[in-house]
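J.:
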Amino acid sequence: MSELNMKDLVSLCKRKGFIFQSSEIYGGINGFWDYGPYGVELKNAIKKFWWDEMVRLRDDVVGQDASIIMHPKVWEASGHVEGFNDPMVDCKECKSRFREDQLKNKEKCDKCGGELTEPKMFNLMLSTQIGASEDSSSTAYLRPETAQSIFTNFKTIQKTSRKKIPFGIAQIGKAFRNEITPRNFTFRSREFEQMEMQYFVDPESETDHYEYWSETRRNFFEKVGIPKEKIRFHEHGDELAHYASKARDIEVEFPFGWQEVEGIHDRGSFDLTQHETFSKEDMKYFDEATKRKFIPHVVETSIGADRLALAILCCAYHVEDLTKEGGKQDLRTVMRFKAHIAPVQVAVLPLIKKLSDEAKEVEILLKKYGFRTEFDTAGQIGRRYRRQDEIGTPFCVTYDFDTRDDHQVTIRFRDSMEQKRVAISDLASYIQGLIVEEM
Ligand code: ATP
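Counting with the working numbering, you get residues 19 to 457 for the letters of the sequence shown.
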């Protein structure tokens with residue numbers, strides 16, 4: 019029906035317990051968000067799918083889970099202490115603060131038209147103190163990206179996993195950036211989660227790993243439910259980061275425009291060379307096949323789990339007008355999540371409360387097969403279907419009086435609203451089949 023308005027999505031997320039402000043009872047804290055019961059299921063499903071695609075289903079990528087706080091030297095070697103800055107300006111009149119590179123008009127305040135200060139470079143890393151003393155030797159940083167721990171662990175993991183180049187190391191974890199202007203709901207937060215993979219390659223290899231990973235990652239977006247026409251590449255020209263020799267973003271069309279959700283970077287030998295210089299540890303790899311020793315080059319894929327979750331929420335949100343001629347206005351809000359990432363995959367609904375015990379057994383059976391389920395007995399069946407539509411449940415299973423005799427339940431499909439009778443004994447495999455088909 020109508021174009022998505024971010025306000026409606028933010029309100030649904032809060033009303034249904036997907037995402038809301040952190041520390042809400044104290045008025046919230048800018049740039050920090052909490053995921054409620056449905057939100058955490060959605061985000062966990064996204065992370066699990068990424069992990070399956072990037073690690074579990076491949077022979078050439080292994081995982082790790084490193085600490086958030088690392089040796090401060092890491093951030094000197096990576097260039098973050100010196101160069102992880104954004105230009106910040108303040109309005110002299112209304113005191114609003116802006117990132118200068120995001121201002122439409124660099125001369126005047128976007129809000130009140132007042133005069134702006136000269137831009138100051140502002141380091142985005144959040145720091146903390148380790149141990150009891152507060153001198154500078156104990157200053158540490160909350161990691162601004164997860165990638166660096168993959169570089170510092172490269173040699174250890176390569177040896178222990180006995181992987182040969184080309185191979186990758188993947189990780190999901192929190193990252194922190196003291197963003198000057200957090201905005202667009204969770205899009206730009208100060209605490210967020212990244213899903214990153216560094217792929218180590220022979221610099222002389224003929225294979226174009228950068229193109230391979232760009233295409234593989236683009237396909238992933240469709241698999242999680244972003245329509246093809248809302249995905250595009252943005253090639254970096256002048257705005258290349260200090261570590262990258264080639265870079266492109268995978269952008270998604272949000273209600274607030276085309277925005278980066280993932281970065282694909284050819285980082286060359288920059289990071290491993292830097293860590294070799296700063297740590298004095300040999301970061302070279304000996305290639306048995308060619309008898310050459312070299313610092314591997316790296317192709318990175320880096321995506322924010324929260325940004326992807328937001329993109330999925332935006333694309334899933336639909337309002338349909340089901341008003342019948344001459345009838346009362348009837349709007350149906352439906353979150354059209356793909357079934358494999360929907361927070362609830364199957365809702366089990368006894369037609370009336372009296373059938374709850376038997377219906378519960380069907381739910382327990384589905385849980386044993388690993389489906390995310392919900393049991394709802396409250397209200398008319400039609401109302402319950404609509405409640406499930408709003409949280410994006412693709413399948414509702416209704417247990418009625420006939421079920422007692424024929425051992426069949428009714429499946430109601432979220433998108434078509436059609437219904438079908440299925441034998442309880444076939445239910446799990448039938449639903450599983452539908453989920454896999456859509457992946
Ligand atoms: P931007 O230009 O939007 O600040 P970036 O180019 O600095 O992003 P990268 O350093 O390439 O981002 O980080 C990789 C991914 O991490 C991004 O594509 C994004 O999905 C996620 N990410 C980065 N910063 C944030 C943030 N402040 N909030 C949420 N996700 C983020």
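Virtual Cβ for every residue (Gly too), placed ideally from N, Cα, C.
1) Throw me the rounded Cβ distance for the K438 and I429 pair, which I believe falls under 8 Å.
2) Please list the terminal residues of the continuous alpha helix (DSSP H) segment that includes I43.
3) Using the beta-carbon count (16 or more within 10 Å), is P221 buried or exposed?
4) Considering only the beta carbon of each residue, do V79 and M72 sit closer than 7 Å?
5) Applying the 10 Å Cβ sphere with the 16-neighbour rule, what's the burial state of K488?
6) Less than 8 Å between the CB atoms is what I'm expecting for V219 and I249, so what's the real figure, rounded?
7) Quick check: what's the CA-CA separation for L160 versus K192?
8) Could you round the C-beta distance between D52 and F38 to whole angstroms and report it? I think they count as a contact, below 8 Å.
9) Which of helix, strand or coil does DSSP assign to I330?
10) Quick check on P55: does DSSP put it in helix, strand or coil?
11) So R266 is in the beta strand (DSSP E); what residue range does that whole segment cover?
12) Can you give the Cα-Cα distance for L452 and E133, rounded to whole angstroms?
13) Among Q212, P314 and A323, which one has its Cα closest to the Cα of K173?
14) Going by Cα to Cα distance, which pick from Q426, A357 and S207 is closest to D410?
15) To the nearest whole angstrom, what separates the beta carbons of N479 and F102, a pair I think is in contact under 8 Å?
16) Is L349 helix, strand or coil when you go by DSSP?
17) Going by DSSP, what residue range makes up the beta strand (DSSP E) through M139?
18) Applying the criterion that 16 or more other CB atoms from any shown protein chain within 10 Å of the CB defines a buried residue, is T146 buried or exposed?
19) When you compare the CB positions of Q189 and E214, do they come within less than 7 Å of one another, or not?
20) Quickly, what does DSSP pair V440 with across the bridge? List them, please.
21) Please classify G243: is it buried, with 16 or more other beta-carbons within 10 angstroms of its beta-carbon, or exposed?
22) Can you name the start and end residues of the alpha helix (DSSP H) that C31 belongs to?
23) Per the DSSP calculation, D305 is bridged to which residue(s)?
24) Within its chain, find whatever has a CB closer than 6 Å to the CB of F194; leave out the 5 residues flanking it on each side and keep chain order.
25) Under the criterion of a Cβ to heavy atom distance below 6 Å, does F251 qualify as lining the ligand FMN?
26) Within the same chain, show all residues whose beta-carbon is closer than 7 Å to that of T135, passing over the 5 residues directly before and after it, in chain order.
27) Thinking C-beta only, is S96 closer than 7 Å to Q166?
28) Drop a sphere of 10 angstroms on the beta-carbon of S464, count the other beta-carbons inside from all chains shown, and report buried for 16 or more, exposed for fewer.
29) Drop a sphere of 10 angstroms on the beta-carbon of S41, count the other beta-carbons inside from all chains shown, and report buried for 16 or more, exposed for fewer.
30) Do three or more CB pairs link the segment 57 to 68 to the segment 374 to 381 at distances below 8 Å?
31) Near P162, which residues of its chain fall below 7 Å by C-beta distance, leaving aside the five closest residues on each side in sequence?
32) Measure the CB-CB distance between D324 and I198 and report whether it falls below 7 Å.
33) Spatial neighbours of I64 within its chain, please: CB distance less than 8 Å, with the 5 preceding and 5 following residues excluded, ordered by chain position.
34) Compute the Euclidean distance between the alpha carbons of D424 and A441, then round it to the nearest angstrom.
35) Say the cut is 6 Å; is the CB of F272 nearer than that to a heavy atom of the ligand ATP?
T.: From the atom records:
1) 5 Å
2) Per DSSP, I43 belongs to no alpha helix (DSSP H) and is neither H nor E.
3) exposed
4) yes
5) This structure does not reach residue 488, given that the chain is present from 19 up to 457, and the question cannot be answered.
6) V219 to I249, Cβ: 25 Å. No contact.
7) 9 Å
8) 6 Å
9) helix
10) helix
11) K264 to F272
12) 59 Å
13) P314
14) Correcting the residue type first, residue 410 is Gly in the shown sequence and not Asp. Ranking Q426, A357 and S207 by Cα distance to G410 puts A357 first.
15) As displayed, the chain neither begins before 19 nor continues past 457, which places residue 479 out of reach and without an answer.
16) strand
17) From DSSP, the beta strand (DSSP E) with M139 extends over K138 to N141.
18) Its Cβ having fewer than 16 others within 10 Å, T146 is exposed.
19) The answer is yes: Cβ separation under 7 Å.
20) V427
21) buried
22) Looking at the DSSP string, the run of the alpha helix (DSSP H) that includes C31 is M24 to R33.
23) R310
24) Contacts found: L144, L160 and E209.
25) This structure simply doesn't include the ligand FMN; it includes the ligand ATP instead.
26) V107, D108 and K110
27) yes
28) Since the displayed the chain opens at 19 and closes at 457, residue 464 lies outside it and no answer follows.
29) exposed
30) no
31) H98, F102, L142, M143, A193, F194 and R195
32) no
33) Around I64: V242, A323, L326, A327, I330 and I359.
34) 8 Å
35) no
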